[in-house]
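Residue numbers (the UniProt record's numbering): 1 to 121.
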Amino acid sequence: MTDPLIRRRDEIEYETVDAADGLEKGVLVGEDHGAPTFAIRRFVLEPGAEVPEHTNEVEHEQYVLEGEYTVGIGDEEYAVEAGDSLLIPAGTVHWYRNEGDEQGAFICAVPNGDDAIELLE
Numbered sequence: 001m002t003d004p005l006i007r008r009r010d011e012i013e014y015e016t017v018d019a020a021d022g023l024e025k026g027v028l029v030g031e032d033h034g035a036p037t038f039a040i041r042r043f044v045l046e047p048g049a050e051v052p053e054h055t056n057e058v059e060h061e062q063y064v065l066e067g068e069y070t071v072g073i074g075d076e077e078y079a080v081e082a083g084d085s086l087l088i089p090a091g092t093v094h095w096y097r098n099e100g101d102e103q104g105a106f107i108c109a110v111p112n113g114d115d116a117i118e119l120l121e
């Protein structure tokens, strides 16, 4: 049986994502906190941030919290803004670019387990 959990904003630690310039990740709730199936994370894309083309072994569901930025999924480019939702299937090539003057932020939900980024050359 899983115990309920409340994590406060000031408990979330953010770390720089090595695979990208200007991207930070904070795990809001995950396996380390007792979540049995999914992890939810918050990412921040600083102005000028670029996340190169990559794939992940697991699907990603995302919800844009703030800002406007561009997401590449497969061969398509999408301008997204606060309130938009995305599904990025497992193994799909995707990337991010924030050309604006304000930071972008999004929530990303993934199944627990390995979510290693595989950068494309």
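Beta carbons: idealized from backbone N, C-alpha and C, even for Gly.
Being a predicted model, the structure only gives us computed values, none of them experimental.
Check for me: the beta strand (DSSP E) holding residue 6 runs from which residue to which? Locating residue 6 in the sequence shown gives position 6, counting from the first residue. Unbroken run through residue 6: none, as it is neither H nor E.
Quick check: the segment 102-110 against the segment 35-53, are there 3 or more CB pairs under 8 Å? Verdict: yes, contact present.
Which class does residue 32 belong to by DSSP, given the choice of helix, strand or coil? For this step, residue 32 is matched to residue 32 along the sequence shown. Helix at residue 32.
Cutoff 7 Å; reference residue 5; Cβ partners in own chain excluding five residues on either side: For this step, residue 5 is matched to residue 5 along the sequence shown. For residue 5, where only same-chain residues beyond five positions count, the Cβ hits under 7 Å are 29, 33 and 34.
For residue 2 and residue 36, what's the separation of their Cα atoms in angstroms? Counted from its first residue, the sequence shown places residue 2 at position 2. Counted from its first residue, the sequence shown places residue 36 at position 36. Roughly 7 Å between the two C-alpha positions.
Helix, strand or coil for residue 47, going by three-state DSSP, please let me know. Here the question's residue 47 lines up with position 47 in the sequence shown. Strand at residue 47.
Contact set for residue 31: own chain, Cβ-Cβ below 6 Å, skip 5 residues either direction: For this step, residue 31 is matched to residue 31 along the sequence shown. Closer than 6 Å at the Cβ level, and outside the excluded window around residue 31, lie 112.
Exposed or buried, what is residue 91 when buried is set at 16 or more other beta-carbons lying within 10 Å of its beta-carbon? Numbered from 1 along the sequence shown, position 91 holds the residue referred to as residue 91. Residue 91 should be labelled exposed.
Please report how far the alpha carbon of residue 120 lies from the alpha carbon of residue 52, in whole angstroms. Along the sequence shown, one-based indexing puts residue 120 at 120. Along the sequence shown, one-based indexing puts residue 52 at 52. Spanning the two alpha carbons is a distance of roughly 8 Å.
Helix, strand or coil: which one does DSSP assign to residue 53? For the purposes of this step, residue 53 is taken as residue 53 along the sequence shown, with counting starting at 1. Residue 53 carries a strand assignment under DSSP once its states are collapsed to helix, strand and coil.
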